[in-house]
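**Student:**
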Amino acid sequence: MSEADFDLIVLGSGAAGLTAALTAAEEGLRVLVVEKGEKIGGTSAWSGGQIWIPCNPHQQAYGKQDSREKALTYLDSMSNGLIDPAMAAAYIDGGITMVQFLEESTPVKFSVVPDFPDYHPERPGAASRGGRTLECPVYPYGELGEWAERVEKSPYYWPHVYFTVGETSLAQAVPDPLPIEEAERRAANDERGLGHSLVGRLLRGCLDRGVEFLLGVGGKDLVLDEGCVAGVELADGQVLRARNVMLATGGFEHNEAFRKAFLRGPLQNAVSIDTNTGDGQKMAMRAGAMMGSMREAWWMPIVEAPLNAKGMMLFTGERTLPGTIMINRAGKRFCNEAANYNAFGSAFHEIDQKSSTYRNLPCWCVFNQAFYDKWGFLDAQLIGTGDSHRKEPADWIMRGQTLGELADRLGVPGDALEATVARWNAMVDKGADEDFGRGESYYDLYWGDPAHKGRKEATLGRIDGGPYYAAEVKSGALGTKGGAQADTLGRVLDLDMQPIPGLYAAGNAMASMMGMTYGGGGGTLGPGMVFAYLAGRHMRTRN
Numbered sequence: 050m051s052e053a054d055f056d057l058i059v060l061g062s063g064a065a066g067l068t069a070a071l072t073a074a075e076e077g078l079r080v081l082v083v084e085k086g087e088k089i090g091g092t093s094a095w096s097g098g099q100i101w102i103p104c105n106p107h108q109q110a111y112g113k114q115d116s117r118e119k120a121l122t123y124l125d126s127m128s129n130g131l132i133d134p135a136m137a138a139a140y141i142d143g144g145i146t147m148v149q150f151l152e153e154s155t156p157v158k159f160s161v162v163p164d165f166p167d168y169h170p171e172r173p174g175a176a177s178r179g180g181r182t183l184e185c186p187v188y189p190y191g192e193l194g195e196w197a198e199r200v201e202k203s204p205y206y207w208p209h210v211y212f213t214v215g216e217t218s219l220a221q222a223v224p225d226p227l228p229i230e231e232a233e234r235r236a237a238n239d240e241r242g243l244g245h246s247l248v249g250r251l252l253r254g255c256l257d258r259g260v261e262f263l264l265g266v267g268g269k270d271l272v273l274d275e276g277c278v279a280g281v282e283l284a285d286g287q288v289l290r291a292r293n294v295m296l297a298t299g300g301f302e303h304n305e306a307f308r309k310a311f312l313r314g315p316l317q318n319a320v321s322i323d324t325n326t327g328d329g330q331k332m333a334m335r336a337g338a339m340m341g342s343m344r345e346a347w348w349m350p351i352v353e354a355p356l357n358a359k360g361m362m363l364f365t366g367e368r369t370l371p372g373t374i375m376i377n378r379a380g381k382r383f384c385n386e387a388a389n390y391n392a393f394g395s396a397f398h399e400i401d402q403k404s405s406t407y408r409n410l411p412c413w414c415v416f417n418q419a420f421y422d423k424w425g426f427l428d429a430q431l432i433g434t435g436d437s438h439r440k441e442p443a444d445w446i447m448r449g450q451t452l453g454e455l456a457d458r459l460g461v462p463g464d465a466l467e468a469t470v471a472r473w474n475a476m477v478d479k480g481a482d483e484d485f486g487r488g489e490s491y492y493d494l495y496w497g498d499p500a501h502k503g504r505k506e507a508t509l510g511r512i513d514g515g516p517y518y519a520a521e522v523k524s525g526a527l528g529t530k531g532g533a534q535a536d537t538l539g540r541v542l543d544l545d546m547q548p549i550p551g552l553y554a555a556g557n558a559m560a561s562m563m564g565m566t567y568g569g570g571g572g573t574l575g576p577g578m579v580f581a582y583l584a585g586r587h588m589r590t591r592n
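Taking this note's numbering, the leading residue of the sequence shown gets 50, the next gets one more, and so forth.
1) Rounded to a whole number of angstroms, what is the C-alpha to C-alpha distance between D545 and T122?
2) Answer yes or no: do D167 and A176 have a C-beta to C-beta separation smaller than 7 Å?
3) Residues in the same chain with beta-carbon distance under 6 Å from A507, minus the five sequence neighbours each way, listed in chain order, please.
4) Does the separation of the CB atoms of V214 and G366 fall below 7 Å?
5) For S594, is the classification buried or exposed, using 16 other Cβ atoms within 10 angstroms of its Cβ as the cut-off for buried?
6) If you check the beta carbons only, do G571 and W95 fall under 7 Å apart?
7) Give me the Cβ distance between T406 and A387, rounded to the nearest whole Å; I'm assuming they're in contact under 8 Å.
8) With 16 as the cutoff for other CB atoms within 10 Å, does Q99 come out buried or exposed?
9) Rounded to whole angstroms, what is the Cα-Cα separation between V266 and F150?
10) Could you check where the alpha helix (DSSP H) with N474 kicks off and where it finishes?
11) Could you tell me the boundaries of the alpha helix (DSSP H) in which K600 lies?
12) Could you tell me the alpha carbon to alpha carbon distance between Q418 and R408, rounded to whole angstroms?
13) When we look at the beta-carbon of R487 and count the other beta-carbons within 10 Å, is it buried (16 or more) or exposed?
14) Tell me which residue opens and which closes the beta strand (DSSP E) that D270 is part of.
15) According to DSSP, which residues form a beta bridge with K523?
16) Would you be able to state if there are at least three C-beta pairs under 8 Å between the stretch 253-263 and the stretch 506-526?
17) State the start and end residues of the unbroken alpha helix (DSSP H) segment that holds M339.
18) Are the CB atoms of V248 and V200 nearer to each other than 7 Å?
19) Have a look at T68 and E231 and give me their C-alpha separation to the nearest angstrom.
20) Give the DSSP-derived three-state secondary structure of S160 in the structure shown.
21) Can you list, in chain order, the residues of its chain with a C-beta nearer than 6 Å to that of G585? Leave out the 5 residues immediately preceding and following it.
22) Is the stretch 290-307 touching the stretch 530-547, taking contact as three or more C-beta pairs under 8 Å?
23) Could you name each continuous beta strand (DSSP E) segment of 3 residues or more that falls completely within the stretch 169-225, going from the start of the chain to the end?
24) For a quick check, are the C-beta atoms of M562 and P576 less than 7 Å apart?
25) Do you know offhand how far D401's Cα is from E84's?
26) Mind checking which residues open and close the alpha helix (DSSP H) that includes S580?
27) I believe V80 touches D56 by the beta-carbon criterion, under 8 Å. Please report the beta-carbon distance rounded to the nearest angstrom.
28) Using the rule of at least 16 other Cβ atoms within 10 Å of the residue's Cβ for burial, across every protein chain shown, is I512 buried or exposed?
29) Please confirm whether A117 and I141 have their CB atoms less than 7 Å apart.
30) Use the C-beta contact count for Q109: other C-beta atoms within 10 angstroms, 16 or more gives buried, fewer gives exposed.
31) In angstroms with no decimal places, state the Cα-to-Cα distance between A64 and M578.
32) According to DSSP, P548 sits in a beta bridge with which residue or residues?
33) Assign G360 to buried or exposed, taking buried as 16 or more other Cβ atoms, counted over all protein chains shown, within 10 Å of its Cβ.
34) Could you check if D618 is buried or exposed, using at least 16 other CB atoms within 10 Å of its CB as the buried criterion?
35) Helix, strand or coil: which one does DSSP assign to E261?
36) Determine the closest residue to V415 out of T451, G394, K403 and R439, with distance taken between C-alpha atoms.
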């Protein structure tokens, strides 16, 4: 592609980038999406595809009551002074109109994930019984034509993407089982769910509006003309002229230098796409942008294991089940194992004052044979692998006939581990985790044993008798949160907090308006799409 003129160049083709492109094209702008990877969708295509939208128009059909005031109260209650009230209001208001626009004018359709609670359901204004998390129904990929094979395939779910989050234990402790006949029908018709449904629908909306795509090359730098954005220099040397540029390139979690320079705690690995190396953040800084939320990430405990192409798994449901605890190198519990994953991540940031090391790393999830016989573990829960019949964990999971033997293999004090398990069992018998409050939050009780959903027995369970097992858990992330500081229209701000003409940001390339918190399921994609939508609408005023 030679030098050309566009009204908008979008760098990045995740949910945020596609939303910006679609919205701007709807406003009559000529749009080019530039994607560093060889395929469309980025980490959004790998994800569950949920978005967190308070006061969304689908809540009433599910009997959910919500209000702008409640949503703002909820965000403010978790702010710690890091959430700008104006940005929060723009997000809440923009989310409502974005959903309406997408559903009225594009193939994008949503429904509520039933009863999925906000991640901090005890906070003021929370939707403790759900309603704010939306997802798309499965989408027939035949409608994309030749573009069907140009969408990123998740290493975690592929090829099993013919279901929605709400139909699985990913978002429902007791999901409605999908009939085999329906699953087979969807597979035969290539009707994909999760992030593939969201990305596929957004992509179809872009194609319908004549949005152009350039794949396999990333952005290198912005072209500026007297302080205004005038285009983009690509990594292959091309210079493309444009009146507006949207930075939607994702985070910087795969940039080791940036991780060390900016993050507030250890990030040992990330479950996102490898192209997230901070390209948008670099371009923004070179253009004089104010940066924000650079110390934060969407934290997620992970287990590194040879179970997929990425060699790692998100560690979510197993740690909430009764009969598991997590220990640090001292052989002690250090957290509420059933807490939401972003809040859980902060436990890995605690510093031991004597040694100046991270107190809770390394970390292991401990369970026994009785647990494995009933629940399996990551190695025995892969759909369609044939491993559901395993009698004992795979070799990458540590083991011992006694707690002392397991402790020796982990390199932790045996007496401490034995005392930790004994105390845990005693607290289970009393029906209360007196140390870390596991089972006190409705969020804890939403997961765990579905036979006891809503009761503490869902997550509190004894660990009696060997063999004992332990899987190492590391400090991971879905992506980083830091990027260019933007205003309520998605415009990137300079060091004097004034808009840089023609420059916009959304998604993980924009400073997250969520600060250090995470509202609920879809709290990453939701803000990314909303501010991309608001930016796409505003660009019309500049052309």
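Using N, Cα and C, we set each Cβ at its ideal position, and we do this for glycine too. As the structure is a prediction and not an experimental result, all values here were calculated from the model.
**Tutor:** Inspection of the coordinates gives the following:
1) To locate residue 545, count along the sequence shown from 1; it is residue 496. To locate residue 122, count along the sequence shown from 1; it is residue 73. C-alpha separation (whole angstroms): 29 Å.
2) Translated into the one-based positions of the sequence shown, residue 167 becomes position 118. Translated into the one-based positions of the sequence shown, residue 176 becomes position 127. In this structure, A176 lies closer than 7 Å to D167 by Cβ.
3) As a first step, residue 507 must be located in the sequence shown, where it is residue number 458. Around A507: L494, G497, D498 and H501.
4) Within the sequence shown, numbered from 1, the residue matching residue 214 stands at position 165. Within the sequence shown, numbered from 1, the residue matching residue 366 stands at position 317. It is not a contact, given that the beta carbons lie outside the stated cut-off.
5) Given a span of 50 to 592 for the chain in the structure shown, any question on residue 594 remains unanswerable.
6) Your numbering for residue 571 matches position 522 in the sequence shown. Your numbering for residue 95 matches position 46 in the sequence shown. No, they are not a contact pair.
7) Translated into the one-based positions of the sequence shown, residue 406 becomes position 357. Translated into the one-based positions of the sequence shown, residue 387 becomes position 338. Their Cβ separation, rounded to whole angstroms, is 26 Å, which puts T406 and A387 out of contact at 8 Å.
8) One-based indexing of the sequence shown puts residue 99 at position 50. The residue in question, Q99, is buried, as its Cβ has 16 or more Cβ neighbours within 10 Å.
9) One-based indexing of the sequence shown puts residue 266 at position 217. One-based indexing of the sequence shown puts residue 150 at position 101. In a straight line, the C-alpha of V266 is about 31 Å away from that of F150.
10) Residue 474 sits at position 425 when you count from the first residue of the sequence shown. Here the alpha helix (DSSP H) through N474 covers G463 to K479.
11) Past the boundaries of the shown model lies residue 600; the chain is included only from 50 to 592, so the question cannot be answered.
12) Walking along the sequence shown from the start, residue 418 turns up at place 369. Walking along the sequence shown from the start, residue 408 turns up at place 359. Rounded to whole angstroms, Q418 to R408 spans 28 Å at the Cα level.
13) As a first step, residue 487 must be located in the sequence shown, where it is residue number 438. Per the 10 Å Cβ criterion, buried.
14) Taking the first residue of the sequence shown as position 1, residue 270 is located at position 221. Element bounds for D270: G268 to D274.
15) If you number the sequence shown from 1, residue 523 lands on position 474. According to DSSP, which records beta bridges pairwise, K523 is partnered with I351.
16) no
17) In the sequence shown, the residue the question calls residue 339 occupies position 290. No alpha helix (DSSP H) contains M339, which DSSP labels as neither H nor E.
18) Position 199 of the sequence shown, counted from the first residue, corresponds to residue 248. Position 151 of the sequence shown, counted from the first residue, corresponds to residue 200. Going by C-beta atoms, V248 is nearer than 7 Å to V200.
19) Numbered from its first residue, the sequence shown carries residue 68 at position 19. Numbered from its first residue, the sequence shown carries residue 231 at position 182. Taking the straight line from one Cα to the other gives about 30 Å.
20) Here residue 160 corresponds to residue number 111 of the sequence shown, with the count starting at 1. Residue state, collapsed to three classes: strand.
21) Position 536 of the sequence shown, counting from 1, holds the residue named residue 585. So the qualifying residues of the chain are A69, T72 and A73.
22) yes
23) 182-184
24) Indexing the sequence shown from 1 puts residue 562 at position 513. Indexing the sequence shown from 1 puts residue 576 at position 527. In this structure, P576 lies closer than 7 Å to M562 by Cβ.
25) On the sequence shown, residue 401 is found 352 positions in, with the first residue counted as 1. On the sequence shown, residue 84 is found 35 positions in, with the first residue counted as 1. Each residue's alpha carbon lies about 42 Å from the other.
26) Position 531 of the sequence shown, counting from 1, holds the residue named residue 580. First, the residue type needs correcting, since residue 580 is Phe and not Ser in the sequence shown. Run containing F580: L574 to H587, per the alpha helix (DSSP H) assignment.
27) Translated into positions along the sequence shown, residue 80 becomes position 31. Translated into positions along the sequence shown, residue 56 becomes position 7. Confirmed, about 7 Å.
28) Walking along the sequence shown from the start, residue 512 turns up at place 463. Answer is buried; the Cβ neighbour count reaches 16.
29) The sequence position of residue 117 within the sequence shown is 68, counting from 1. The sequence position of residue 141 within the sequence shown is 92, counting from 1. The question names Ala, but residue 117 is Arg in the sequence shown. Going by C-beta atoms, R117 is nearer than 7 Å to I141.
30) On the sequence shown, residue 109 is found 60 positions in, with the first residue counted as 1. Exposed, since its Cβ has fewer than 16 Cβ neighbours within 10 Å.
31) Working through the sequence shown from its first residue, we reach residue 64 at position 15. Working through the sequence shown from its first residue, we reach residue 578 at position 529. About 6 Å.
32) The residue you call residue 548 lines up with position 499 of the sequence shown. DSSP lists L542 as partners of P548.
33) Looking up residue 360 in the sequence shown gives position 311. Exposed, because fewer than 16 other Cβ atoms sit within 10 Å of the Cβ of G360.
34) Absent from the structure is residue 618, since the part of the chain shown begins at 50 and ends at 592.
35) Position 212 of the sequence shown, counted from the start, is the residue given in the question as residue 261. Three-state DSSP puts E261 in a strand.
36) In the sequence shown, residue 415 corresponds to position 366, counting from 1. V415 has its Cα closest to that of T451, out of T451, G394, K403 and R439.
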